[in-house]
Amino acid sequence: MSGIERFGSGGPWEARVGYSRVVRAGDGVHVSGCTAIGEDGQVVGPGDVYLQAQQCLRNIERALAQAGATLQDVVRTRVYLLDASRWEDAGRAHGEVFGEIRPANTMLEVAALLDPRLLVEIEADAWSPRA
């Protein structure tokens, strides 16, 4: 056994593109970039970076749970924004979740995300020792 576990969200792109929503490799848990797609498959908070960042973080929390980890275990996040001038909106949502946890973080502007309605994407890495 390799000690690597892969978990999917059930979304259609994982199999087509060849990736997992979350991968546990030993005590490390790596969550792929999460966007503001709600459980119903629709974009949450069109035009609103703050609401979209909140949804990204909810999606990360669900992905971590699949691998037996929590937001408390997160050691690094990366926030990709379409418009860096709106960083405070994403930062506010990030701070509400990670204010006490304080993982390492990178926030950067990108030219585009795959769906033009999406304004932010967030990925996370966690350290969660197995019981």
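1 is the number of the first residue of the sequence shown in full-length UniProt numbering; add one for each residue after it. We treat Cβ as the ideally placed atom computed from N, Cα and C, and that holds for glycine.
Comparing C-alpha positions only, which one of Y19, G33, E14 sits nearest to A124? Position 124 of the sequence shown holds residue 124. For A124, the nearest C-alpha among the options comes from G33.
N-terminal and C-terminal residue of the beta strand (DSSP E) that L81 is part of: Locating residue 81 in the sequence shown gives position 81, where the first residue counts as 1. For L81, the uninterrupted beta strand (DSSP E) run begins and ends at 74 to 81, by DSSP.
Restricting to Cα atoms, I'd like to know which of V17, D27, L81 is closest to A36. By one-based count along the sequence shown, residue 36 stands at place 36. Checked all of V17, D27, L81; the closest Cα to A36 is L81.
Could you tell me if R16 is buried or exposed, where buried requires 16 or more neighbouring beta carbons within 10 angstroms of its beta carbon? For this step, residue 16 is matched to residue 16 along the sequence shown. Burial call: exposed.
Measuring CB to CB, does A104 end up less than 8 Å from V75? Within the sequence shown, numbered from 1, the residue matching residue 104 stands at position 104. Within the sequence shown, numbered from 1, the residue matching residue 75 stands at position 75. Pairing A104 with V75 gives a Cβ-Cβ distance under 8 Å.
Here's a check: name, in chain order, each residue in its chain whose Cβ is nearer than 6 Å to the Cβ of R24, leaving out the five neighbours to either side. In the sequence shown, the residue the question calls residue 24 occupies position 24. E5, A67.
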